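Below you'll find the structure, written out as structure tokens, and then a few comments.
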Amino acid sequence: MENNKGNLAKGLVIGFIAGSIVGAIIALLYAPKSGKELRADIKSKGEDLLGEAEQYLARAREKATDIINEGKARSEKLIAQAQQKAETILKDAEQILSAAKEKAGQVSEEAGKLKSAVKAGIETYKSERGKS
Numbered sequence: 018m019e020n021n022k023g024n025l026a027k028g029l030v031i032g033f034i035a036g037s038i039v040g041a042i043i044a045l046l047y048a049p050k051s052g053k054e055l056r057a058d059i060k061s062k063g064e065d066l067l068g069e070a071e072q073y074l075a076r077a078r079e080k081a082t083d084i085i086n087e088g089k090a091r092s093e094k095l096i097a098q099a100q101q102k103a104e105t106i107l108k109d110a111e112q113i114l115s116a117a118k119e120k121a122g123q124v125s126e127e128a129g130k131l132k133s134a135v136k137a138g139i140e141t142y143k144s145e146r147g148k149s
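Just so you know, our numbering puts 106 at position 89 of the sequence shown, and the rest follows in order with no gaps.
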């Protein structure tokens, strides 16, 4: 949609400039003037049109620069947001990993205690059985 507006504006400006040139030439050719005056008028109109075209190009360059700068600012903002989210996810993952390691250590410790208790139970059973 934005591109269509840009193309329409560009077409209108080009049409305006072309129409101005054609109109100026026709006006000059039908005006009752000497050749020297006619050439001076054509040169003057040409310079005027050249000035208008240069102004249009300067505005177009300025607008393009603004659009490029806006795009850069948006992309930098998105990159910063993505980095911040990635850092948050990494931090959360580290906390989860740390908690999992702690739980694994607790489970291992409890398994060791259970193993010792079972071993002690077996030893007690054997000693009691041997007494009977």
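All C-beta atoms, glycine included, are put in the ideal place defined by N, C-alpha and C. Since we're looking at a predicted model, the values are computed, not measured.
ILE38 places its beta carbon 7 Å or farther from that of LEU55.
Considering only VAL30, LYS132 and GLU140, the residue with the shortest C-alpha distance to ARG76 is VAL30. Between ALA41 and LYS62, the C-beta spacing is below 7 Å. ILE85 and GLU71 have their C-alpha atoms some 21 Å from each other.
Rounded to whole angstroms, LYS89 and ALA99 show a C-alpha spacing of 15 Å. The beta-carbon separation of GLU69 and ILE34, rounded to 7 Å, stays under the 8 Å limit for a contact. Distance from the CA of ALA103 to the CA of ALA81, rounded to the nearest whole angstrom, comes to 33 Å.
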